[in-house]
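Each remark here refers to the structure printed beneath this line.
Number of protein chains: 2
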Amino acid sequence: MKALLIVAHGSRREESNVEVRKIATQLRQCSTDQYHIVRAAFLELADPLIPEGIKQCIDDGATSVIVLPYFLNSGRHVVEDIPRIVAQTRQGYPGIEIGVAPHLGASALMMDLLIATANTSR
Amino acid sequence: MKALLIVAHGSRREESNVEVRKIATQLRQCSTDQYHIVRAAFLELADPLIPEGIKQCIDDGATSVIVLPYFLNSGRHVVEDIPRIVAQTRQGYPGIEIGVAPHLGASALMMDLLIATANTSR
Numbered sequence: 000m001k002a003l004l005i006v007a008h009g010s011r012r013e014e015s016n017v018e019v020r021k022i023a024t025q026l027r028q029c030s031t032d033q034y035h036i037v038r039a040a041f042l043e044l045a046d047p048l049i050p051e052g053i054k055q056c057i058d059d060g061a062t063s064v065i066v067l068p069y070f071l072n073s074g075r076h077v078v079e080d081i082p083r084i085v086a087q088t089r090q091g092y093p094g095i096e097i098g099v100a101p102h103l104g105a106s107a108l109m110m111d112l113l114i115a116t117a118n119t120s121r
Numbered sequence: 000m001k002a003l004l005i006v007a008h009g010s011r012r013e014e015s016n017v018e019v020r021k022i023a024t025q026l027r028q029c030s031t032d033q034y035h036i037v038r039a040a041f042l043e044l045a046d047p048l049i050p051e052g053i054k055q056c057i058d059d060g061a062t063s064v065i066v067l068p069y070f071l072n073s074g075r076h077v078v079e080d081i082p083r084i085v086a087q088t089r090q091g092y093p094g095i096e097i098g099v100a101p102h103l104g105a106s107a108l109m110m111d112l113l114i115a116t117a118n119t120s121r
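Protein sequence lines, in the order shown, are assigned to chains A and W.
According to numbering that gives the first Met the number 0, the first sequence is numbered sequentially starting from 0.
According to numbering that gives the first Met the number 0, the second sequence is numbered sequentially starting from 0.
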């Protein structure tokens, strides 16, 4: 069973954290064929943190987890912090495949998203 | 002539600002039919700032400018700061249409982008 864990930075502004959790909920509803479990986690400032988010996926029955950094830029958080935390957490689950996806800004689809969003300007 | 101005937060880490400018360049190459001018600007910490970015588009010949917030969450920057700065700048250019697009996290295409990015995990 495949799980997708969306990892955002986490904000002191709780509405921002709620938005990220809502995106996980929406994604769960529209990608059940590819990812049976979709959850959100945070690098800091909000719950659950990444290790707890991974644990929740595994408790739900995941046999593989893809950690998806919900970041537009490849800063230190994307390049160093998230991979390091995932690598540490992975040691606790030897039977489970835990991967890290590129950050969103790296996707070719980003161009389509930018144009589509611009076309809905108000 | 339509212009698209991608507005990111701006970072003390210059590589992040360079990434945003690269996205504007990529977008310019793939959307010439819809937006003849594509530029990047920043809310703070990097150049050009939003008013200067709008001015550059108009100097390039733009008769309409869409400001696209390159943000995942609808925080204060998206809800208050960017619309306020755009509204102030708009007063200096009465003949030019200057709109603000929703932030990226609001787009329905975001779900496709998330799944596509997850599928390229390493």
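Cβ atoms here follow ideal geometry from the backbone N, Cα and C, with glycine treated the same way.
Taking only beta-carbon positions, decide if Leu-172 of chain A is within less than 8 angstroms of chain W.
Any answer about residue 172 of chain A is impossible in this case: the structure gives chain A only from 0 up to 121.
With a threshold of 8 angstroms between beta-carbons, can Ala-86 of chain W be considered close to chain A, or not?
Chain A contact via Cβ: absent.
Is it buried or exposed for Ala-45 of chain A, if we count other Cβ within 10 angstroms and need 16 for buried?
Counting the other Cβ atoms within 10 Å of the Cβ of Ala-45 of chain A gives 16 or more, which makes it buried.
Secondary structure of Pro-68 of chain A, DSSP reduced to three states:
In the three-state reduction of the DSSP assignment, Pro-68 of chain A falls in the strand class, which pools E and B.
Can you check which of these residues, A:Ala-23, A:Gln-28, A:Pro-82 and A:Gln-25, is closest to Leu-42 of chain A by C-alpha distance?
Sorting A:Ala-23, A:Gln-28, A:Pro-82 and A:Gln-25 by C-alpha distance to the C-alpha of Leu-42 of chain A places A:Pro-82 at the top.
What does Cys-29 of chain W touch in chain A if you count any residue whose Cβ is under 7 angstroms from its own?
Ordered by position in chain A, the residues that pass the 7 angstroms Cβ test against Cys-29 of chain W are Met-110.
Please confirm whether Thr-119 of chain A has its beta-carbon closer than 8 angstroms to some beta-carbon of chain W.
Using beta-carbon distances, Thr-119 of chain A counts as an interface residue toward chain W, with a partner under 8 angstroms.
If I measure Cβ to Cβ from Leu-48 of chain W and keep anything under 7 angstroms in the same chain, skipping five residues before and after, which residues do I get?
Ala-40 and Phe-41, listed in sequence order.
Under 8 angstroms: do the region 58 to 78 of chain W and the region 103 to 113 of chain W share three or more Cβ pairs, one atom per stretch?
Touching, per the Cβ criterion.
Using a threshold of 7 angstroms, is the CB atom of Val-64 of chain W nearer than that to any non-hydrogen atom of the ligand ZN?
Judged by which ligands are present, the structure shown has none, so any question about the ligand ZN falls away.
Quick one: is Ala-115 of chain A near chain W, going by C-beta distance under 8 angstroms?
Closer than 8 angstroms: yes.
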